[in-house]
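J.: Supplied in structure tokens, the structure appears directly below.
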Amino acid sequence: MNKIEKIYKKLKEKYGQPSGQWRLWCKKRKAKKEREEIIIGAILTQRTNWKNVELALEKLKKEKVDSLQKIYQLGAKRIAPLIKSSGFYKAKAKYLFNLAKFIIENYRSLEEMKKEKTEILREKLLSLKGIGFETADSILLYALDKPIFVIDEYTKRLVKKEKLSENFSYHHLQKIFQENLPKDFRVYQDFHALIVIDGKNQQKSKTLPV
DNA sequence: ACCCAGGTGGCCC
DNA sequence: GGGCCACATGGG
């Protein structure tokens with residue numbers, strides 16, 4: 018067992034079977050198992066507290082804007098006021114609309130989208146404005162169950178802490194994780210979820226008085 | 001009153 | 001390839 022796998026095992030022992038915890042942590046997002054909401058959340062959470070994203074998702078739900086189709090119909094201008102709480106809301110409204118438009122016009126549904134080859138899909142997502150590596154990979158992994166490891170701020174902190182690499186470029190870190198783990202989207206989903214849970218846990222203990 | 005949060009694009013050198 | 005800034009809100 019390599020070092021990466023050991024860390025995965027350790028986190029699993031510490032926090033239990035992750036999917037349950039993950040679901041607990043982002044209840045709203047996973048409870049309904051709405052893949053479209055995962056996609057919407059992936060945009061809204063950019064450089065933003067998850068709490069503020071939740072407020073925006075609730076607002077969208079309240080206004081019955083609960084699908085990519087609806088976002089596509091409404092357009093960016095009408096989406097913007099609904100997602101204010103997530104910050105950068107004018108930009109994010111455009112990004113969301115563009116993404117919804119891309120998916121609806123090219124695939125009509127996520128099931129159809131899923132059939133496209135992962136590498137092609139990734140390229141296409143990355144070509145959209147507002148979708149960078151992390152957002153593209155989050156969509157591929159969590160909304161489409163593609164075996165692509167997501168690198169985010171928490172993952173970088175883990176790499177630093179465990180001294181897994183000196184090179185912190187996105188591509189390099191992604192390569193390290195993917196080469197040292199079975200190519201299984203469930204493993205990637207669970208592991209990344211655990212990294213986030215552990216990261217938030219560390220943050221919390223850091224702010225508490227000693 | 002500050003400071004931060006699960007990023008991204010545009011511009012500069 | 002890397003450094004810096006705008007994008008904006010809600011919570012500690």
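Going by our numbering, the first sequence opens with residue 18, and the numbers climb by one from there.
Even for Gly, the Cβ is constructed at its ideal location relative to N, Cα and C.
These numbers were taken from a predicted model, which means no experiment stands behind them.
Taking only the alpha-carbon atoms, compute the straight-line gap between ALA59 and GLU53 and give it to the nearest angstrom.
T.: In the first sequence, the residue the question calls residue 59 occupies position 42. In the first sequence, the residue the question calls residue 53 occupies position 36. Those two C-alpha atoms are separated by around 10 angstroms.
J.: Is the beta carbon of ILE156 sitting closer than 9 angstroms to the one on ALA117?
T.: Reading the first sequence from its first residue, position 139 is the one you call residue 156. Reading the first sequence from its first residue, position 100 is the one you call residue 117. No, they are not a contact pair.
J.: The alpha helix (DSSP H) that contains SER155, what's its start and end?
T.: For the purposes of this step, residue 155 is taken as residue 138 along the first sequence, with counting starting at 1. Counting along the chain, the alpha helix (DSSP H) containing SER155 begins and ends at 150 to 155.
J.: Buried or exposed, going by whether 16 or more other CB atoms sit within 10 Å of the CB of LEU143?
T.: Here the question's residue 143 lines up with position 126 in the first sequence. Result: exposed.
J.: Alpha carbon to alpha carbon, how far is LEU190 from ILE121?
T.: As a working mapping, residue 190 is identified with position 173 in the first sequence. As a working mapping, residue 121 is identified with position 104 in the first sequence. For LEU190 and ILE121, the distance between alpha carbons rounds to 32 angstroms.
J.: State yes or no: is the C-beta of ILE21 nearer than 8 angstroms to some heavy atom of the ligand ATP?
T.: With respect to the ligand ATP, the structure shown offers nothing to examine, as it has no ligands at all.
J.: Where does SER222 fall in DSSP's three states?
T.: Position 205 of the first sequence, counted from the first residue, corresponds to residue 222. Of the three classes helix, strand and coil, the one that applies to SER222 here is helix, per DSSP.
J.: Compare the C-alpha of LYS131 against each of GLY147, ALA108, LYS109, LYS163 and name the closest.
T.: The sequence position of residue 131 within the first sequence is 114, counting from 1. The residue with the shortest Cα to Cα distance from LYS131 is LYS163.
J.: Which same chain residues end up closer than 6 angstroms to TYR112 when comparing Cβ atoms and leaving out the 5 residues on each side of it in sequence?
T.: Reading the first sequence from its first residue, position 95 is the one you call residue 112. For TYR112, where only same-chain residues beyond five positions count, the Cβ hits under 6 angstroms are ILE60, GLY147.
J.: Just curious, the alpha helix (DSSP H) that ASN69 is in, first and last residue?
T.: Here the question's residue 69 lines up with position 52 in the first sequence. Note, ASN69: alpha helix (DSSP H), 67 to 79.
J.: Would you tell me roughly how many angstroms separate the C-alpha atoms of LEU74 and GLU51, rounded to the nearest one?
T.: Locating residue 74 in the first sequence gives position 57, counting from the first residue. Locating residue 51 in the first sequence gives position 34, counting from the first residue. Looking at the two C-alpha atoms, the distance is approximately 12 angstroms.
J.: Beta-carbon separation of TYR32 and LEU211 under 9 angstroms?
T.: Residue mapping note: residue 32 aligns to position 15 of the first sequence, counting from 1. Residue mapping note: residue 211 aligns to position 194 of the first sequence, counting from 1. A contact, by the Cβ cut-off of 9 angstroms.
J.: For a quick check, are the C-beta atoms of ALA160 and LEU127 less than 9 angstroms apart?
T.: Here residue 160 corresponds to residue number 143 of the first sequence, with the count starting at 1. Here residue 127 corresponds to residue number 110 of the first sequence, with the count starting at 1. Contact flag set, yes.
J.: What does the alpha-carbon distance come out to for the pair GLU136 and THR62?
T.: Working through the first sequence from its first residue, we reach residue 136 at position 119. Working through the first sequence from its first residue, we reach residue 62 at position 45. So the two alpha carbons sit approximately 24 angstroms from each other.
J.: Going by C-alpha to C-alpha distance, which of LEU91, ARG125, ILE165, LYS173 sits closest to ASP201?
T.: Taking the first residue of the first sequence as 1, we reach residue 201 at position 184. Answer by Cα proximity: ILE165.
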